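A.B. asks:
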Amino acid sequence: MLDGLLDKAVRQRAAGAWYGSDVDLRVSRVDPDQRRVRYSYSVTGRELSCGCLDSGWLATVVDNATDPLACFVAGSTNTLSTSLSVHTLEPVLVDTLLEIECLVVAHRDRCVQATATFRDARVPHVIYATGAHTMVYRDAPPRL
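In the working numbering, each residue's number is its place in the sequence shown (first place is 1) plus 10.
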């Protein structure tokens, strides 16, 4: 099921359905038992602001990369973000190869909390940023 949600996320990004859909993350590892997905991304010059990776880009990735995982854990694609945060720890420069690890850290009632950790794929002890995403979901679509 998780692979299907990740495939759907890729199709939606290709169709331009999400804000920031041009972020081309590559799934590098999926571990449904641990509720974890790892992505890789090579930083190019177009994501930079003032010479470093833009924090808006980081927030977009936290949102888009944790969403399929949270939907998988919740068993629902009808989710709503209630909180999204990003904490930049180190500047990310052009040509950095990022490993982005997303993990569901809590699932209770209708609330799912996930984190994203942005590491240097070549120097794994270097953490550039962290993010947190809290979502709620419904079993049925909301009434209009």
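Glycine included, C-beta positions come from ideal geometry on N, C-alpha and C.
The structure presented is a predicted model; accordingly, all values stated were derived computationally and were not measured.
1. Provide the residue span of the alpha helix (DSSP H) that contains residue 76, from first to last.
2. Report the rounded CA-to-CA distance for residue 115 versus residue 62, giving the unit in angstroms.
3. Which one or two residues does DSSP pair with residue 125 in a beta bridge?
4. Only counting the same chain, and skipping five residues up and downstream in sequence, which positions put a Cβ closer than 6 Å to that of residue 141?
5. Take the Cβ of residue 129 as the centre, count every other Cβ of all protein chains shown within 10 Å, and call the residue buried at 16 or more, exposed below.
6. Taking the alpha-carbon positions, what's the residue 109 to residue 46 distance?
7. Any idea if residue 78 is buried or exposed, counting beta-carbon neighbours within 10 angstroms, 16 or more meaning buried?
8. Closest to residue 123 by C-alpha separation, out of 54, 84 and 50, would be which residue?
C.D. replies: In short:
1. Residue 76 -> alpha helix (DSSP H) spans 65-84.
2. Rounded to the nearest angstrom, the two C-alpha atoms are 29 Å apart.
3. Paired residue(s): 113 and 142.
4. So the list reads 72, 96 and 126, once near-sequence residues are dropped.
5. Residue 129 comes out buried.
6. A straight-line Cα-Cα distance of about 13 Å links residue 109 and residue 46.
7. It is buried - the Cβ of residue 78 has at least 16 other Cβ atoms within 10 Å.
8. Closest by alpha carbon: 84.
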